[in-house]
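Below is one structure, written out as structure tokens, with a few remarks after it.
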């Protein structure tokens with residue numbers, strides 16, 4: 004099973020500019036998590052911090068009991084062997100062809116024979132649909148192909164943690180859907196912990212078990228997908244619906260005057276770029292391709308979420324309960340329409356705009 | 008970690024420190040297995056291919072200038088028989104390490120820096136680190152060693168080509184006596200002159216390699232950053248090499264007695 008990644012009070016800044024502060028969350032072992040956020044909110048920086056490429060100023064990242072922020076270089080290289088990282092542009096070695104690129108980790112870290120290397124590499128290349136392109140150089144193929152080759156290289160050592168930096172950017176919707184399916188299938192096969200950093204809403208709605216969002220130098224929220232998908236938080240609502248009206252502006256933040264002007268335009272009938280219907284709400288999650296084993300993460304997550312369900316906002320509770328089968332509802336002693344302890348949920352959670360801010364710690 | 012302290016010159020000190028740290032790292036990693044033989048040979052070939060022709064072309068006129076200068080000087084003081092001796096000494100001890108340094112820094116170092124820099128901005132270096140492979144051991148060590156080896160070999164070539172150039176110009180243009188030029192070869196020069204020349208070349212190669220690698224691994228960001236890094240690498244290397252040359256020459260002249268004294 005994949006390993007747990009515990010991030011505690013992480014703060015990163017470049018010079019005087021703070022990228023994000025006090026990020027606290029836990030990537031549950033073997034589950035798929037997605038980190039959302041507008042461009043330029045430090046999602047990639049977060050990902051690079053997780054693998055120790057950037058050193059945050061404060062906080063801890065604990066993997067297998069080792070603090071990545073403060074451990075020795077030697078230890079860091081050991082821990083990194085658990086990781087498979089897909090970089091934004093694939094980050095292939097320009098001087099090697101695709102085969103050698105994918106074979107690189109095997110040749111460096113294992114004593115496999117060339118025949119075994121070949122078998123594994125071709126298997127991973129087939130997985131990402133690149134059969135026949137082994138002899139091409141990274142400079143000769145499209146961005147999407149580079150990305151898929153990068154994924155093949157990240158997978159070749161059977162990592163326990165897979166980090167994907169915008170797997171969808173530069174891919175068409177169909178390929179993105181295939182890639183999402185591939186990640187879910189992978190999770191069912193090797194049960195790796197997966198973190199996807201993206202701003203693609205479809206990926207965020209259908210792929211993860213857990214969803215988080217970075218905005219304004221902070222982690223807005225992180226928790227079970229239902230929490231964010233049903234959130235009333237203005238920034239989440241705006242982001243999921245992809246409209247101009249809301250706290251996110253063209254530059255990262257918006258001032259009051261712009262906001263008021265936009266609201267006036269909207270009232271005058273000018274479209275704010277959002278789809279007709281509100282796309283928030285819990286949608287069915289992607290499932291592994293038929294024939295593959297069921298994802299262990301789904302069952303584990305259900306147990307975990309059900310044990311904390313009374314702490315979640317009511318909308319999220321409804322979404323979670325509705326997604327259970329009648330058998331499961333009996334098992335967890337809940338029923339659709341009424342939460343387990345609806346009566347005991349303090350009334351304040353219902354009315355405060357953000358009952359779930361930055362409470363990633365326990366999830 | 009607290010925010011770094013700032014005072015005038017702190018940035019320069021920090022950079023110097025980091026560069027020195029890279030130098031130590033490279034030295035340590037040079038002895039770590041597995042040695043990247045393939046990369047080393049490829050890099051040697053690469054550095055040779057970018058430096059050998061310019062070096063030969065530079066060393067001919069360089070040797071010629073020295074020979075002509077010394078030729079006219081010796082004639083003025085009536086010591087024509089020492090023309091060969093003096094120009095050999097000047098070429099081997101000073102001119103050839105300097106020419107080597109200029110070419111290793113200007114052609115070899117800049118190419119290494121540009122290569123590493125473009126890898127850095129394409130995230131190749133990051134990817135390599137994440138794959139658990141140390142870029143210092145995998146990429147920088149072979150390059151620095153290649154720069155050192157090629158530098159030593161180039162130094163030999165410059166000495167030979169320079170002396171031949173000097174001979175040609177002295178004999179053909181200044182009507183020097185071929186026999187006298189050759190016979191006086193070992194009148195002033197001695198074996199330690201050759202050693203110090205090669206040691207200088209070795210150290211210059213190391214410095215050029217480290218500076219190029221350091222600047223290449225830390226470009227300011229974006230393609231323009233790589234261009235700037237290459238430029239800085241060359242300038243920094245030149246400054247360092249001339250300074251180190253001065254120090255080494257001073258020590259050598261103090262330690263090794265001149266021939267006949």
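Chains as they are written, first to last, in our numbering: chain Z, 4 to 366; chain G, 8 to 268. Ideal placement from N, C-alpha and C gives every residue a C-beta, glycine not left out. Because the structure is a prediction, the values reported are computed rather than measured.
- Within chain G, the residues whose beta carbon sits less than 9 Å from that of residue 54 of chain Z are 133, 136, 137, listed in sequence order.
- The residue from Z/283, Z/97, Z/114 with its alpha-carbon nearest to that of residue 233 of chain Z is Z/283.
- In the DSSP assignment, the residues bridged to residue 10 of chain Z are Z/28, Z/64.
- Close partners of residue 88 of chain Z in chain G (Cβ separation under 9 Å): 133, 134, 137, 138.
- Looking at the DSSP output, residue 23 of chain Z bridges to Z/15.
- Between residue 240 of chain G and residue 116 of chain G, the CB-CB gap stays under 8 Å.
- Chain order gives no chain Z residues near residue 56 of chain G, where near means a beta carbon separation below 9 Å; the closest approach is about 15 Å.
- Exclusion of the five residues before and after residue 48 of chain Z leaves 15, 22, 57 as the residues of its chain whose Cβ lies within less than 7 Å of its Cβ.
- Separation of the CB atoms of residue 160 of chain Z and residue 84 of chain Z is rounded to 7 Å, and the pair is thereby assigned contact status at 8 Å.
- Across the set Z/174, Z/13, Z/195, Z/7, the C-alpha of Z/13 shows the shortest separation from the C-alpha of residue 220 of chain Z.
- Excluding sequence positions up to five before and after residue 123 of chain Z, its CB lies within less than 7 Å of the CB of 109, 159, all in the same chain and listed in chain order.
- Of the residues Z/114, Z/105, Z/119, the one whose Cα lies closest to the Cα of residue 138 of chain Z is Z/105.
- Within a 10 Å sphere around the beta-carbon of residue 313 of chain Z sit fewer than 16 other beta-carbons, which makes this residue exposed.
- Chain Z places a beta carbon closer than 8 Å to that of residue 129 of chain G, counting this residue as a contact.
- Residues of chain G with a Cβ closer than 7 Å to the Cβ of residue 108 of chain Z are, in chain order, 138.
- Looking at the DSSP output, residue 86 of chain Z bridges to Z/164.
- Short of 6 Å from the beta carbon of residue 60 of chain G, and not among the five residues preceding or following it, lies no beta carbon of its own chain.
- CA-to-CA, the gap between residue 39 of chain G and residue 151 of chain G works out to about 15 Å.
- Looking only at Z/169, Z/190, Z/229, the smallest Cα-Cα distance to residue 200 of chain Z is reached by Z/169.
- Residue-level contact check: residue 97 of chain Z touches chain G, since one or more beta carbons of chain G fall below 8 Å from its beta carbon.
- The C-beta distance from residue 95 of chain Z to residue 152 of chain Z rounds to 6 Å, short enough to fall under 8 Å.
- For chain G, none of the residues of the region 260-281 of chain Z brings a beta carbon within less than 9 Å of one of its beta carbons.
- Within chain G, the residues placing a beta-carbon under 8 Å from that of residue 83 of chain Z are 136, 137, 138, 139, ordered along the chain.
- According to the DSSP assignment, residue 37 of chain Z belongs to no alpha helix (DSSP H) but to the beta strand (DSSP E) extending over 35-39.
- Residue environment for residue 127 of chain G: buried (at least 16 other C-beta atoms within 10 angstroms of its C-beta).
- Using a C-beta cut-off of 8 Å, the region 33-41 of chain Z makes contact with the region 188-198 of chain Z, since at least three inter-stretch Cβ pairs fall below that distance.
- C-alpha of residue 148 of chain Z to C-alpha of residue 71 of chain Z: approximately 32 Å in a straight line.
- The Cβ atoms of residue 110 of chain G and residue 161 of chain G lie closer than 8 Å to each other.
- DSSP lists Z/66 as the beta-bridge partner residues of residue 69 of chain Z.
- Only buried fits residue 166 of chain G, as 16 or more other CB atoms lie within 10 angstroms of its CB.
- A contact is defined here as three or more CB-CB pairs under 8 Å, and the region 177-194 of chain G fails this definition with respect to the region 250-262 of chain G.
- Taking a C-beta distance under 8 Å as the contact criterion, residue 227 of chain G and residue 236 of chain G qualify as a contact pair.
- Note on residue 27 of chain G: under 16 other CB atoms within 10 angstroms of its CB, so exposed under the neighbour-count rule.
- If only complete runs of 3 or more residues are kept, the region 133-205 of chain G shows no beta strand (DSSP E) anywhere.
- In terms of beta-carbon proximity, residue 111 of chain Z lines the interface with chain G, with at least one pair separated by less than 8 Å.
- Excluding five sequence positions before and after residue 75 of chain G, the CB atoms of its chain that fall closer than 8 Å to its own CB belong to 176, 177, 180, 181, given in chain order.
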